[in-house]
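Written out below as structure tokens is the structure these notes cover.
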Amino acid sequence: MTDKFSSQIYDKRIAFVSIALAAMLLFISPKGLNPSVEPDKIASINVTALGQKTDSAKASEVWIAQVSNGGVELPLNSIPSQKGWEDKYSALVSYQQQPTSLAIEIEEPNNLEITFSTHPWSGKVKIEEGKKTTIQDLYSSQPGKYKYTSQVTRAQKRKYSPADKIFISIASFLALIFLCYICLLLGKIKNNLFLLNIILCFAVFFSSDYLMLTLFQKQLLLALSIGSCFIMQTIRANKFIAGYLNRKKILLGIPVILYAGFAFVGIRVFFSEYPLTHLINKIAFFSLFCGWLTFMVLLFLYLTDLCKSKIASTNIQINKQTPRATLIKQYLIFGGIMLACWSVYLIAYFPGNMTPDSLDQWRQATGILDYNDAHPVFHTLIIKILISIWRSPAMISLAQIFALVAVCSSFFVYLSKAGIPLIWLVIASLIVGVIPANGIFSVMLWKDILFCTSVLWVTLILTELATDTYIFNYKTTVVFLAISLFAMALLRHNGTFAVYITIAFLFFWAFKKRQKPVLIAVAIALFSVIAFKKVMIPYVLKIREMPSGYTLYMPVHGMAAVKHFEGDFTPEANKFMLDLLPDSIWKNHFDPYSADYYLFWTGTDFLRNLSDIPTSKVLHEYASTFVRNPFIMSKARLNGSELLWDVTMAQGSFNYIYYTNIDSNKAGLKQHPNPILKPVLNHYLEYTEKHFQPVLWRPGIYNILLAILLLSLFSMRKRYLLIFLPLIGTNFSLIVAMTHQSFRYVYYVPLIFGFIWLLAISKIISPAKIKNNTTNL
């Protein structure tokens, strides 16, 4: 080992790369890697929740929604936690143990602003900065904002002389070169370049100013990076990595890595300020982060391959003809586990949980209100049928539970036929059962629950077609294809667009493969959807078409961003916006993550006025504004769908997840008290939301992993793309239309992931055979 190390200790290429990497690290993170870098000025602000309120206020809460410096949002978790203040819904909140103070210190202040939320529960706050004291009453009858701008700064005392700074800077640079050189050299000698991942981990997470992580989070990431080195040091791992070092896979992988990198840090690096500054620094940081992420992607693929090899070594065979008794037994095992888990939630929250949306559909289904299609009337009709059997919300909860159990159990039965060992699937069904989102959503009376179940159902059916393996038989699968597509299209409005995308690809595939039954099923589904929307709704149910404002406010939200950031409008577009709302409302009520502020809380006829404008006019003004402000409007669209793709919650965003009661109503609906089980489940839900939200209550990381699996499966056989069509179609429909961050909209993503990962490691997924230099797709 010593002779080998000595013979390779001098390597000019490694030295050159080390110098370049060290310079890049210092360039993107001077403060983190060079101790001599000091701020010139500092701002010290003391915020005190006084515990006082006006007579009209319902409480004395103080909410700090945002702290920004130079137009850049600062992570609120970078402010040291202090007694009486809590991190709640991406804000710092004081609502008990008042009066209580919070000290905020910001280096290099530049137009430093603290944004407070104002609402009916707000009290008074005292802001002290130097000798300046401001007392502000935050009460407001409608939700709004109050901004405090810092005006007092003090000079920072210098620790180092100019000569000391030069010496420390040179020493830091040489130390970085040495560290990079040693890691790269060891990686070359040990044939394990994952050692470079440790350097990238320190550069990205420990020294960077872009990601404000807690010390524990940094330590976890370092442990992950070090652990990956040990896992990937084997000969088998090196051979696996070599299989991905070909031009085709690299070209396919680059877009996935860039998307994954943006999903992790895009908002914090590129969207935290406008106009964008320090672009070169940010691109350099983003490149290093993507480098670290590339190693993590390879680790995920390698571990997936290990699981696949483990299953391949078993004696279990792909079983396309399963005896009926075996099918029934498997359904009882898988279904029984999940039914037992989710029944606990029905007992705790009996007869279910209902928000104002749920109650609105209940009133329509019971005849108190006329039908309308704001919430899909197809789902309202399902509610009407169910409560005709038992007039209780519990009937809807039971239907949702059994529907989810049926589809999940069917997928597990299919995976058993695909060669996954039974014990693996029993454990997987238990995991699905105890995941909090599945439990609480099974008793949430929302259209989104059955919709997400239908997305999973369509995914299962397309998996059967793509692998030519069926739970029952081909004919049954084709019949279910038509039914599931019909349900997915009508259970939620964006489902129609998602199904049209799925149908377009299915038509092409079925025509190419001469799958006549599939063509017929798809045609029936398409015709049925159109007939329901164009005939059943207006002529049979006699429901008036929803005002166009309910769909057109989505492009207008992008134009509102241009108003907020004082972008460029044509005179016609500017008049269009002023005819809808005054400038003051556009600017004061704009929220990048929700259109609700000016949609519902301005006290104006916004929706009616927008509905009176022709759709072509709205789209024309949107297009003309987009041409002049592509960055602002692209950013606005991505912010509007932030929950769908962002791995962690952006500063200032929110995530409405669940509700554990029945909202006040005049229909006499109340939740039965359960003083033992309900508090336990509430604590379980709140704990997972607080500590595991990126994994359990957000879809961002699963969209990345699904994109990786899509790339992996597609490289084997192109027809495996069918499996991902419902996911792709639904995701695309939300990217276009989403303007509110609610987990129920995107619940289908984590729901689908586990099943597709199990499918990827099953024996039924295999590369296409090569015959006569052609691939059998």
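Under this note's numbering, the first residue of the sequence shown is numbered 553, with each subsequent residue one higher.
Glycine residues also receive a C-beta, built at the ideal position from the N, C-alpha and C atoms.
Next item on the list: Check Gln618 in the structure and name its three-state DSSP category.
Entry: The residue you call residue 618 lines up with position 66 of the sequence shown. If DSSP states are grouped into helix, strand and coil, Gln618 belongs with the strands.
Margin query: If contacts are defined as beta-carbon pairs under 8 Å, then Ala812 and Ile1256 qualify, I think. What distance do you get, rounded to the angstrom?
Written below: Within the sequence shown, the letter at position 260 stands for residue 812. Within the sequence shown, the letter at position 704 stands for residue 1256. The Cβ separation is near 4 Å, so the contact holds.
Notebook entry, point to check: Does the Cβ-Cβ distance between Lys676 and Ile687 come in under 8 Å?
Noted result: Translated into positions along the sequence shown, residue 676 becomes position 124. Translated into positions along the sequence shown, residue 687 becomes position 135. It is a contact, given that the beta carbons lie within the stated cut-off.
Checklist line | Where His1224 falls: helix, strand or coil (DSSP) | finding: As a first step, residue 1224 is located in the sequence shown; it is residue number 672 there, counting from the start. Three-state DSSP puts His1224 in coil, outside helix and strand.
Note to self: Can you tell me whether Val1232 is helix, strand or coil according to DSSP?
What the structure shows: The sequence position of residue 1232 within the sequence shown is 680, counting from 1. Reduced to three states, the DSSP call for Val1232 is helix.
Checklist line | Beta-ladder partner(s) of Asn598, from DSSP | finding: Counted from its first residue, the sequence shown places residue 598 at position 46. For Asn598, which the question treats as bridged, DSSP gives the partners Ala655, Glu680.
Notebook entry, point to check: With 16 other CB atoms within 10 Å as the buried threshold, where does Ser1314 fall?
Noted result: Translated into the one-based positions of the sequence shown, residue 1314 becomes position 762. So Ser1314 ends up on the buried side.
Note to self: Going by DSSP in three states, Asn1126 sits in which element: helix, strand or coil?
What the structure shows: As a working note, residue 1126 is residue 574 in the sequence shown. In the three-state scheme derived from DSSP, where H, G and I count as helix and E and B as strand, Asn1126 is classed as helix.
Item checked: With 16 other Cβ atoms within 10 Å as the buried cut-off, status of Ser612 -> The sequence position of residue 612 within the sequence shown is 60, counting from 1. Buried: at least 16 other Cβ atoms inside 10 Å.
Margin query: Assuming the contact rule is C-beta atoms closer than 8 Å, Phe1038 and Ser1080 should be a hit. Round their C-beta distance to whole Å, please.
Written below: For the purposes of this step, residue 1038 is taken as the residue at position 486 of the sequence shown. For the purposes of this step, residue 1080 is taken as the residue at position 528 of the sequence shown. Between Phe1038 and Ser1080, the beta carbon gap of about 5 Å places them in contact (Cβ cut-off 8 Å).
Notebook entry, point to check: Is it the case that the Cβ atoms of Phe1128 and Glu1173 are separated by a distance below 8 Å?
Noted result: Position 576 of the sequence shown holds residue 1128. Position 621 of the sequence shown holds residue 1173. Yes, the pair counts as a contact, with Cβ atoms nearer than the cut-off.
Note to self: Quick check on DSSP: helix, strand or coil for Met947?
What the structure shows: By 1-based counting over the sequence shown, the position of residue 947 is 395. The answer is helix: DSSP assigns Met947 an H, G or I state.
Margin query: I'd like the list of long-range same chain contacts for Tyr530, defined as Cβ closer than 6 Å, with 5 residues on each side in sequence excluded.
Written below: This structure leaves residue 530 out entirely; the chain is present only between 553 and 1329.
Checklist line | Secondary structure of Gln1245, DSSP reduced to three states | finding: Along the sequence shown, one-based indexing puts residue 1245 at 693. In the structure shown, Gln1245 sits in a helix (DSSP, three-state: H, G or I).
Margin query: Can you give me the C-alpha to C-alpha distance between Pro903 and Gln913, rounded to a whole angstrom?
Written below: As a first step, residue 903 must be located in the sequence shown, where it is residue number 351. As a first step, residue 913 must be located in the sequence shown, where it is residue number 361. Distance between the alpha carbons of Pro903 and Gln913 is about 16 Å.
Margin query: Using the three-state DSSP reduction, which class does Met1330 fall into: helix, strand or coil?
Written below: The requested residue 1330 is not part of the displayed model; the chain covers only 553 to 1329.
Check: Can you name the start and end residues of the beta strand (DSSP E) that Glu1194 belongs to?
Finding: In the sequence shown, counting from the first residue as 1, residue 1194 sits at position 642. Unbroken run through Glu1194 is the alpha helix (DSSP H), 1194-1197; no beta strand (DSSP E).
Checklist line | Burial state of Tyr1239 (16 or more Cβ within 10 Å) | finding: The count along the sequence shown starts at 1 and reaches residue 1239 at position 687. So Tyr1239 ends up on the exposed side.
Margin query: Quick check on the burial criterion: 16 or more other C-beta atoms within 10 angstroms. Buried or exposed for Arg565?
Written below: As a first step, residue 565 is located in the sequence shown; it is residue number 13 there, counting from the start. Per the 10 Å Cβ criterion, exposed.
Notebook entry, point to check: Mind checking Glu1124: buried by the 16 CB within 10 Å criterion, or exposed?
Noted result: Position 572 of the sequence shown holds residue 1124. Under this definition Glu1124 is an exposed residue.
Item checked: Local conformation of Met996 per DSSP, three classes -> Here residue 996 refers to the residue found at position 444 of the sequence shown. Met996: strand per DSSP, three-state reduction.
Next item on the list: Can you tell me which of Leu845, Gly887, Val1051, Asn1226 puts its alpha carbon nearest to the alpha carbon of Leu776?
Entry: For this step, residue 776 is matched to residue 224 along the sequence shown. Looking at the Cα atoms, Leu845 is the closest of the given residues.
Check: Does the Cβ of Thr1167 have 16 or more other Cβ atoms within 10 Å, making it buried, or fewer, making it exposed?
Finding: Taking the first residue of the sequence shown as 1, we reach residue 1167 at position 615. When all chains shown are included, Thr1167 counts as exposed.
Notebook entry, point to check: Within 10 angstroms of its Cβ, does Leu1329 collect 16 or more other Cβ (buried), or is it exposed?
Noted result: Numbered from its first residue, the sequence shown carries residue 1329 at position 777. Residue confidence is low: Leu1329 scores 35 on pLDDT, short of 50, so the model does not pin down where it sits. No coordinate-derived value is stated.
Notebook entry, point to check: Counting Cβ pairs, one atom from each stretch, are 3 or more of them under 8 Å apart for the region 1022-1029 and the region 974-986?
Noted result: no
Notebook entry, point to check: Should Met553 be labelled buried (16 or more other beta-carbon atoms within 10 Å of its own) or exposed?
Noted result: Counted from its first residue, the sequence shown places residue 553 at position 1. Reliability fails at Met553, whose pLDDT of 49 lies under 50, so the model's placement of it is uncertain and the value that follows must be treated cautiously. Met553 should be labelled exposed.
Next item on the list: Could you pull the start and end residues of the beta strand (DSSP E) that Tyr698 belongs to?
Entry: Counted from its first residue, the sequence shown places residue 698 at position 146. Start and end: 696-701.
Notebook entry, point to check: Since Leu1311 and Leu1279 are thought to touch, with beta carbons under 8 Å apart, how far apart are those beta carbons, to the nearest angstrom?
Noted result: Position 759 of the sequence shown, counted from the start, is the residue given in the question as residue 1311. Position 727 of the sequence shown, counted from the start, is the residue given in the question as residue 1279. Taking 8 Å as the upper bound for CB-CB distance, Leu1311 and Leu1279 are not in contact here, some 13 Å apart.
Next item on the list: Tell me whether Asp1120 sits in a helix, a strand or coil according to DSSP, three-state version.
Entry: Working through the sequence shown from its first residue, we reach residue 1120 at position 568. Coil.
Check: Since Thr667 contacts Ala617 with CB under 8 Å, what's their CB separation in whole angstroms?
Finding: For the purposes of this step, residue 667 is taken as residue 115 along the sequence shown, with counting starting at 1. For the purposes of this step, residue 617 is taken as residue 65 along the sequence shown, with counting starting at 1. Sure, about 5 Å apart at Cβ, within 8 Å.
Check: Can you give the Cα-Cα distance for Ile1076 and Ile948, rounded to whole angstroms?
Finding: Counting from one through the sequence shown, the residue named residue 1076 turns up at place 524. Counting from one through the sequence shown, the residue named residue 948 turns up at place 396. Using only the alpha carbons, I get a separation of about 28 Å.
Check: What residues in its chain sit with their C-beta under 6 Å from that of Gln916, if we drop five residues either side in the sequence?
Finding: Within the sequence shown, residue 916 is the residue found at index 364, counting from 1. The residues are Tyr923, Thr932.
Check: Are the beta-carbon atoms belonging to Arg1160 and Asn1207 less than 8 Å from one another?
Finding: Sequence index remark: in the sequence shown, residue 1160 carries index 608 (1-based). Sequence index remark: in the sequence shown, residue 1207 carries index 655 (1-based). No, these two residues do not count as a Cβ contact at 8 Å.
Check: Is the region 1280-1290 touching the region 993-1002 in the sense that three or more CB pairs, one from each, lie closer than 8 Å?
Finding: no
Next item on the list: Drop a sphere of 10 angstroms on the beta-carbon of His927, count the other beta-carbons inside from all chains shown, and report buried for 16 or more, exposed for fewer.
Entry: Here residue 927 corresponds to residue number 375 of the sequence shown, with the count starting at 1. His927 should be labelled buried.
Checklist line | Val1170 versus Ala989, Ala755, Gln1223, Leu1104, residue with shortest Cα-Cα distance | finding: Within the sequence shown, residue 1170 is the residue found at index 618, counting from 1. Looking from the CA of Val1170, the closest CA among Ala989, Ala755, Gln1223, Leu1104 belongs to Leu1104.
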